[in-house]
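Peer 1: Residue numbers (this note's numbering): 348 to 608.
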């Protein structure tokens, strides 16, 4: 089959519901109508019960799918600091946060679609198979139908597949990549993609060509089932608007994860 006749599908996701008390983070009300899947913070790295309830209500009204975004118990560090935890602790953290979000899902008549770890937990799991196993055990024991949203090429994706869980591979519009497929550390120069046109062109290439240029300048293979734009990013709204428009112009169907994996 020629490339021009191929059908491309991708999910657009964003990490949302990360406000806390009197502190507002992101433009959730504006981003939600433009995406197909929302990763909702569960109270450990961000969010609170009121924010979770409000985020679920907005997602339901927009008709988008919802997933849990569990992280380390680190509100002050926004879940972006590495913690040394045992597999048993990691599994318990996952179960606790899934249960918290699922309470609001049930009240709003929404079925949770997926689970995507947040921040340091996500990046550590991408390189640590044992940690990934613990995360996946918690997910499988809670609901084996949940989709695991994991970094393309990372250990969490491998563990999820090994355990028979539905697995979606994620790429990032606003993050740079190392040659091994991991995300460039936020402290490193060039880690964040701030140029809107560059972000858009990278996303289109990842979806259609399954390639991305690493921070070293080398092209690496990548699989894009879902594209993430961080909801707390300064240009999150502009990125989502432009990426959505460009994908449609390229003939890419934007749909939820459960229609892709």
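Note that the Cβ used here is the ideal one computed from N, Cα and C, for glycine as well.
Does the segment 356-376 come within contact of the segment 502-514, defined as at least 3 CB pairs closer than 8 Å?
Peer 2: The answer is no - the segment 502-514 does not touch the segment 356-376, with fewer than three Cβ pairs under 8 Å.
Peer 1: Hey, is the segment 388-404 in contact with the segment 417-424, meaning 3+ C-beta pairs nearer than 8 Å?
Peer 2: These segments touch.
Peer 1: Short of 8 Å in beta carbon distance, which residues of its chain neighbour residue 474, apart from the five on each side in sequence? Order them along the chain.
Peer 2: Numbered from 1 along the chain shown, position 127 holds the residue referred to as residue 474. Result list for residue 474: 501, 502 and 529, in chain order.
Peer 1: Please state if the CB of residue 426 and the CB of residue 385 are separated by a distance shorter than 8 Å.
Peer 2: In the chain shown, counting from the first residue as 1, residue 385 sits at position 38. In the chain shown, counting from the first residue as 1, residue 426 sits at position 79. The answer is no: Cβ separation not under 8 Å.
Peer 1: Is the CB-CB distance between residue 359 and residue 587 below 8 Å?
Peer 2: Along the chain shown, one-based indexing puts residue 359 at 12. Along the chain shown, one-based indexing puts residue 587 at 240. Their beta carbons are under 8 Å apart, which means residue 359 touches residue 587 by this criterion.
Peer 1: If the criterion is Cβ atoms closer than 8 Å, does the pair residue 453 and residue 605 meet it?
Peer 2: The count along the chain shown starts at 1 and reaches residue 453 at position 106. The count along the chain shown starts at 1 and reaches residue 605 at position 258. No.
Peer 1: Threshold first: 4 residues or longer. Then list the alpha helix (DSSP H) segments lying entirely within the segment 360-392, N to C.
Peer 2: Listed in chain order, they are 375-378.
Peer 1: Apart from the five residues just before and just after residue 552, which ones in its own chain have a Cβ nearer than 7 Å to its Cβ?
Peer 2: The count along the chain shown starts at 1 and reaches residue 552 at position 205. Same-chain partners within the cutoff: 558 and 559.
Peer 1: Specify the secondary structure class of residue 586 as computed by DSSP and reduced to three states.
Peer 2: Within the chain shown, numbered from 1, the residue matching residue 586 stands at position 239. Three-state DSSP puts residue 586 in a helix.
Peer 1: So residue 487 is in the alpha helix (DSSP H); what residue range does that whole segment cover?
Peer 2: Start at 1 with the first residue of the chain shown, and residue 487 comes out as number 140. 476-489 is the span of the alpha helix (DSSP H), which, as asked, contains residue 487.
Peer 1: If you draw a straight line from the C-alpha of residue 607 to the C-alpha of residue 573, how long is it?
Peer 2: Residue numbering aside, residue 607 sits at position 260 when the chain shown is read from its first letter. Residue numbering aside, residue 573 sits at position 226 when the chain shown is read from its first letter. Going from the Cα of residue 607 to the Cα of residue 573 covers about 9 Å.
Peer 1: Quick one: Cα of residue 495 to Cα of residue 369, how far?
Peer 2: Here residue 495 refers to the residue found at position 148 when the chain shown is read from its first residue. Here residue 369 refers to the residue found at position 22 when the chain shown is read from its first residue. Spanning the two alpha carbons is a distance of roughly 31 Å.
Peer 1: Indicate the three-state DSSP secondary structure (helix, strand or coil) for residue 434 in the structure shown.
Peer 2: Along the chain shown, read from residue 1 onward, the residue named residue 434 stands at position 87. If DSSP states are grouped into helix, strand and coil, residue 434 belongs with the helices.
Peer 1: Nearest to residue 489 by alpha carbon, out of 465, 513 and 441?
Peer 2: Counted from its first residue, the chain shown places residue 489 at position 142. Nearest option by C-alpha distance: 441.
Peer 1: Given this structure, state the Cα-to-Cα distance separating residue 294 from residue 464, to the nearest angstrom.
Peer 2: The first residue shown for the chain is 348 and the last is 608, placing residue 294 beyond what the model contains.
Peer 1: Looking at the strands, I want to know which residues DSSP matches up with residue 560.
Peer 2: Here residue 560 is taken as the residue at index 213 of the chain shown, counted from 1. DSSP output for residue 560 lists 566 as bridge partner(s).
Peer 1: Counting only the same chain and skipping the five closest in sequence on each side, list residues whose C-beta sits under 6 Å from that of residue 550.
Peer 2: Within the chain shown, the letter at position 203 stands for residue 550. 520, 574 and 590, listed in sequence order.
Peer 1: Return the first residue and the last residue of the alpha helix (DSSP H) that residue 413 is part of.
Peer 2: Position 66 of the chain shown, counting from 1, holds the residue named residue 413. Per DSSP, residue 413 belongs to no alpha helix (DSSP H); it is in the beta strand (DSSP E), 412-416.
Peer 1: Measure how close the beta-carbons of residue 499 and residue 518 come, nearest whole angstrom, since I'm counting them as under 8 Å.
Peer 2: If you number the chain shown from 1, residue 499 lands on position 152. If you number the chain shown from 1, residue 518 lands on position 171. Their Cβ separation, rounded to whole angstroms, is 6 Å, which keeps residue 499 and residue 518 in contact under 8 Å.
Peer 1: Would residue 387 and residue 405 be called neighbours here (beta carbons separated by less than 8 Å)?
Peer 2: Within the chain shown, numbered from 1, the residue matching residue 387 stands at position 40. Within the chain shown, numbered from 1, the residue matching residue 405 stands at position 58. Their beta carbons are not under 8 Å apart, which means residue 387 does not touch residue 405 by this criterion.
Peer 1: Which one or two residues does DSSP pair with residue 514 in a beta bridge?
Peer 2: The residue labelled residue 514 in the question sits at position 167 within the chain shown. For residue 514, which the question treats as bridged, DSSP gives the partners 495.
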